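> Handing you a structure now.
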Amino acid sequence: MLRYDKGIITEILDEFPAEFPVKLTVNGRDIATLVASPHELRFLVAGFLRTQGFVRELGDFLAMGVCEDSGEASIRIRGELPERLTPVLTSGCGTGISFSFNAGVPKQASPDATFPAEAVFSAMREMGQLSERYGRHGGIHSAAISDGSKILLHAEDLGRHNTIDRLAGQALFAGIDLTGRMLLTSGRVSTELASKAASLGIALVASRTSPTNMAVRICTEHGIGLVGYVRGESFRIAACPERLRMTPRERFSDIAGVILAGGESSRMGRNKALMEVNGERMVETAYRRMTELFDEVLLVTNTPEIYDFIPCRKIADIFPGMGPLGGIHAALSSCSAGRAFVTACDMPGLNPRLIRELSSMPGGVDVVIPETPGGLEPLHAVYAKSCLAKMEAMLRAGERRILSFFDLAHVRLVPRGKIATLDPDYASFRNVNTPEDYQKISRST
C-alpha cells in the first residue's frame with residue numbers, strides 16, 4: 003500500500019478487512035448470499051435464519067454443513083420455507099438483505115429488565131477492548147450482549163447486521179437466553195437492527211452513533227430502551243427511558259468550570275477548538291462537559307466573536323500573550339467561585355467521573371493536579387483563588403509556564419494509580435496539537 007502524507011509518498015505494510023461471500027442453501031433452495039467476514043460462519047448462518055424467523059431454537063436445525071473454504075452453507079431445517087420469499091435490501095454498509103422486518107412474533111423483553119447508566123458505559127468500554135479486528139485494521143463493526151455486569155457474547159464483522167446475526171447464532175449454540183439482555187453495537191441502529199433486537203427479546207440497545215426514526219418507533223412499540231451516542235459518560239435516550247436507572251448528580255456551585263481557548267494553534271494550522279471529533283466541535287464537547295458538572299462556566303479567549311455559539315461568559319487575558327498561565331489567572335480573577343477546574347479546548351476525551359473526583363477533594367490547598375505516565379497535567383486540574391498572587395508574580399516576571407509558581411504553592415498531587423482507577427487509558431489527557439494528533443484521536447473515539 004502507498005501512503006500520501008504532506009506531499010510525500012511512502013510504501014507501507016497494512017492489512018485490509020477480509021470480505022467473504024457465503025452462499026446459503028436451505029432445504030435445497032438457494033435463498034441468499036451473505037457477504038461477511040470469514041470466521042465462525044456457523045454462528046452467522048444460524049443467527050441469520052433465527053433473526054429471519056425461519057428457526058427458533060437449536061433443535062430446529064436438522065443438518066448444517068458450512069464450508070469455510072468454498073463459502074457454501076447447506077442447511078436443513080424443520081418445516082418448509084414460505085413459497086415466496088421477498089428480499090428487502092437493508093440500509094447497511096454494502097447493502098444487507100432481510101426477508102422480513104417483523105420475522106415471526108417478536109419476543110417481549112421482561113418488563114422488569116432495567117440497567118444502571120454506568121452499566122451501559124462499562125459494557126461499551128469492554129466491547130471496545132474486545133474488538134481486536136478493528137484494532138488491527140479498522141473497517142469492522144462490533145456488537146455484544148451484556149447482562150448488565152459483564153459481556154456474555156461478542157462478535158465482529160464487516161456488516162453491522164451480520165454482527166447481530168452472529169450473536170443470535172452464538173446464543174443458540176451456547177444455550178443463552180437473550181431475553182432481557184442489553185445489546186451493544188458500534189453501528190447505526192436502523193429498522194432491521196431494531197427488528198432483530200425485538201425478535202430476540204432484547205431489553206436495551208446501546209449504540210456509539212445515532213438511531214433512525216423508524217428504529218425509534220420499533221423500539222418504542224416493543225418496549226426496548228434505545229440509547230445512542232454512547233461516549234465517555236454521556237448518551238442520548240431515544241426510546242423507553244424506563245429501561246435505565248439514572249440518578250441525577252448535582253452540579254458544583256463552589257467551583258467554576260473553565261475552558262482555555264486562547265492558543266494560536268500554530269502547529270495545527272487552523273483553530274483546533276472548531277475542529278470536529280465524533281461530529282461535534284471540540285470546544286462544544288468541552289462546554290457540554292463543563293455544564294454537566296458546574297453551575298458557572300467560563301471560556302477564556304481574546305476573540306469572543308468566534309465563539310458566539312457557546313452560551314457562557316467569555317473572559318479575555320489580563321496578561322495577553324502569556325499562554326495558559328495567563329488564561330488561568332484571568333479565569334480565577336473573574337469567576338465568582340473560590341476555585342476553578344481548568345481544561346483546554348482540545349481535549350475531547352474528558353471523563354466526568356474523574357473531573358468530579360478531582361473537584362470533590364477537600365479544599366485548603368492551592369492546586370489539585372493529577373499525575374499520569376506523561377507527568378503532571380496542569381490543564382486538567384483544580385486551582386484556588388489563593389494562587390492568584392503567586393501566578394501574578396510569575397507573569398510579571400515574564401514566566402509563562404504553569405508549573406512555575408508551584409514551588410510557592412500548596413499542591414496536592416493525585417497519583418497515577420488513583421487516576422488509572424477512573425481513566426485506565428488516560429484518555430482524558432489526550433489533546434490535539436498537530437494534524438497527526440487529530441487523525442489519531444479521531445480514529446480512537
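For the sequence shown, my numbering assigns the number 3 to the initial residue and increments by one for each residue that follows. All C-beta atoms in this analysis are idealised placements derived from N, C-alpha and C, irrespective of residue type, glycine included. All of these numbers come straight from a predicted model, not from anything done at the bench.
Rounding to the nearest angstrom, what Cα-Cα distance links residue 441 and residue 113 in this structure?
43 Å
> Only counting the same chain, and skipping five residues up and downstream in sequence, which positions put a Cβ closer than 6 Å to that of residue 182?
111, 112, 115 and 205
> Between residue 416 and residue 334, what straight-line distance do the alpha-carbon atoms span, to the nearest angstrom?
Cα to Cα, residue 416 sits roughly 21 Å from residue 334.
> Which value, in whole angstroms, describes the spacing of the CA atoms of residue 185 and residue 221?
When rounded, the distance between both Cα atoms is 12 Å.
> Using a 10 Å radius around the Cβ and a threshold of 16 neighbouring Cβ atoms, would you call residue 152 buried or exposed?
exposed
> Can you look up residue 242 in the DSSP assignment and give me helix, strand or coil?
coil
> Could you tell me the boundaries of the beta strand (DSSP E) in which residue 32 lies?
31-38
> Going by C-alpha to C-alpha distance, which of 392, 355, 377 and 258 sits closest to residue 368?
Its Cα nearest to that of residue 368, the residue 392 stands out among 392, 355, 377 and 258.
> By the DSSP assignment, the beta strand (DSSP E) with residue 66 in it spans what residues?
63-69
> Residue 354 to residue 51, Cα distance in whole Å?
Roughly 42 Å between the two C-alpha positions.
> Please name the residue or residues paired with residue 346 in a DSSP beta bridge.
262
> Within a Cβ cutoff of 8 Å, which residues of the same chain sit near residue 466, ignoring the five residues on either side of it in sequence?
Here the chain comprises residues numbered 3 to 447, so residue 466 is not present and cannot be evaluated.
> Which residue wins for smallest C-alpha separation from residue 376, given the options 210, 320, 63 and 433?
433
> With DSSP run on the structure shown, which of helix, strand or coil describes residue 205?
Residue 205: coil per DSSP, three-state reduction.
> DSSP three-state label for residue 286, please.
helix
> Considering only residues of the same chain and omitting the five flanking positions on each side of residue 156, which have a CB-CB separation below 6 Å?
132 and 146
> Give every residue of the same chain whose Cβ lies closer than 6 Å to the Cβ of residue 198, excluding the five residues on either side of it in the sequence, and list them in chain order.
53 and 166
> Assuming residue 28 is part of the beta strand (DSSP E), what are its boundary residues?
22-28
> What span of residues does the beta strand (DSSP E) with residue 448 cover, start to end?
Lying outside 3 to 447, the shown extent of the chain, residue 448 is not represented and no answer is given.
> Using 8 Å as the threshold, is the region 187-197 in touch with the region 56-76, meaning 3 or more CB pairs across them?
Output reads no: the region 56-76 does not touch the region 187-197.
> Decide yes or no for the touch test of the region 359-367 against the region 377-389: beta carbon pairs closer than 8 Å, at least 3 of them.
yes
> If contact is defined by three or more beta carbon pairs under 8 Å, each pair taking one atom from either stretch, is the region 342-349 in contact with the region 275-285?
Contact between the region 275-285 and the region 342-349 is established, with three or more Cβ pairs separated by less than 8 Å.
> Is residue 433 helix, strand or coil by DSSP?
Three-state DSSP puts residue 433 in coil, outside helix and strand.
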